[in-house]
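This report refers to the structure that appears directly beneath it.
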Amino acid sequence: MQVHDWQAIVKDCGPLVWQTAYRLLGNHTDAADCFQETFLAALELSRREPVRNVSGLLVRLATTRAIDRLRQRGRQEHRQADGCDCEELTAGESDPASHAQTHELAGRLREAIGRLPGQEAQAFCLRYLNDMSYRQIARELDMGINTVGVALYRAKARLREDLGVAQTDEGNPKGDTWHLGTRDEVHNEET
């Protein structure tokens with residue numbers, strides 16, 4: 001049985017776990033719940049099997065838990081109706097109308113991420129919310145670099161379609177103020 005100093009791990013990795021959860025969920029209550037669930041799941045997992053990369057495990061668990069919460073939130077809102085920091089993916093505008101539009105787009109993006117298949121959602125969040133390289137994502141999700149590229153490409157395509165973002169020939173969205181990247185990023189990171 002592997003023994004970890006969880007107090008030190010929470011102190012060292014807590015900010016990263018919090019950032020991951022809050023950026024995806026966009027509110028303190030859900031992020032706090034996700035934070036606690038992440039550390040509890042990591043503790044339980046470490047009791048069953050050895051953990052080589054604790055910080056990587058925590059980021060992956062936080063991302064998974066946050067995506068699960070987004071999906072749950074989407075189902076609840078859908079039932080009632082018939083919040084990455086995702087706002088960082090949008091350009092910052094200073095006037096109130098632009099701020100409201102950015103906030104609305106961030107909420108729509110959170111909902112759309114919650115509808116992505118698991119591997120695509122995880123890869124997208126690790127890349128664009130945690131600024132991880134393709135190589136880091138491949139290591140965290142135990143997949144090849146090309147598979148990461150495919151997952152990101154599919155995630156971005158689904159998000160563009162879901163959010164109604166038009167794409168120009170250069171890969172930049174037309175008419176919106178945010179950019180999800182291009183397929184060529186895979187080749188730039190492999191070299």
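Residue numbers are given in my numbering: position 57 of the sequence shown equals residue 57, and the series is strictly consecutive.
Note that beta-carbon positions come from the ideal geometry of N, C-alpha and C, so glycine has one too.
Just to confirm, is the Cβ distance from L249 to R158 under 8 Å? Residue 249 cannot be examined here, being either before or after the span of the chain that is shown, 1 to 191.
Do A151 and E111 have their C-beta atoms within less than 8 Å of each other? no
Taking Cβ to Cβ, would you say R60 is nearer than 8 Å to C34? No, they are not a contact pair.
Report yes or no: do the stretch 5-12 and the stretch 120-135 share at least 3 C-beta pairs separated by less than 8 Å? no
Please state if the CB of G114 and the CB of L70 are separated by a distance shorter than 8 Å. Note that the C-beta distance between L70 and G114 is below 8 Å.
With a threshold of 6 Å on Cβ separation, who are the neighbours of A21 within its own chain once the five nearest residues in sequence on each side are excluded? A31, C34, F35, A62 and A66
Helix, strand or coil at G118 according to DSSP, with G and I counted as helix: helix
Residue span of the alpha helix (DSSP H) that contains P50, given as start and end: From DSSP, P50 is part of no alpha helix (DSSP H); its letter is neither H nor E.
N- and C-terminal bounds of the alpha helix (DSSP H) containing L152: Under the DSSP assignment, L152 falls in the alpha helix (DSSP H) whose first and last residues are I145 to L163.
Taking the alpha-carbon positions, what's the T29 to R73 distance? Distance between the alpha carbons of T29 and R73: 13 Å.
Spatial neighbours of D162 within its chain, please: CB distance less than 6 Å, with the 5 preceding and 5 following residues excluded, ordered by chain position. A112
CA-to-CA distance, M143 to Q122, given in whole angstroms: 12 Å
Own chain, CB closer than 8 Å to A138, minus 5 neighbours either side, in chain order: G144, I145, T147 and V148
With DSSP run on the structure shown, which of helix, strand or coil describes S133? coil
What do you get for L43, buried or exposed, if any count of 16 or more other CB atoms within 10 angstroms of its CB means buried? exposed
If you run the structure through DSSP and keep just helix, strand and coil, what is G107? Looking at G107 - three-state DSSP - the assignment turns out to be helix.
Closest to L16 by CA distance: which of H4, L57 and L40 is it? Between L16 and the set H4, L57 and L40, the nearest pair of CA atoms involves L57.
Have a look at S98 and E37 and give me their C-alpha separation to the nearest angstrom. C-alpha separation (whole angstroms): 35 Å.
Give the single residue among N130, Q136, R160 and H4 whose Cα lies nearest to the Cα of W18. Of the candidates N130, Q136, R160 and H4, the one whose C-alpha sits nearest the C-alpha of W18 is N130.
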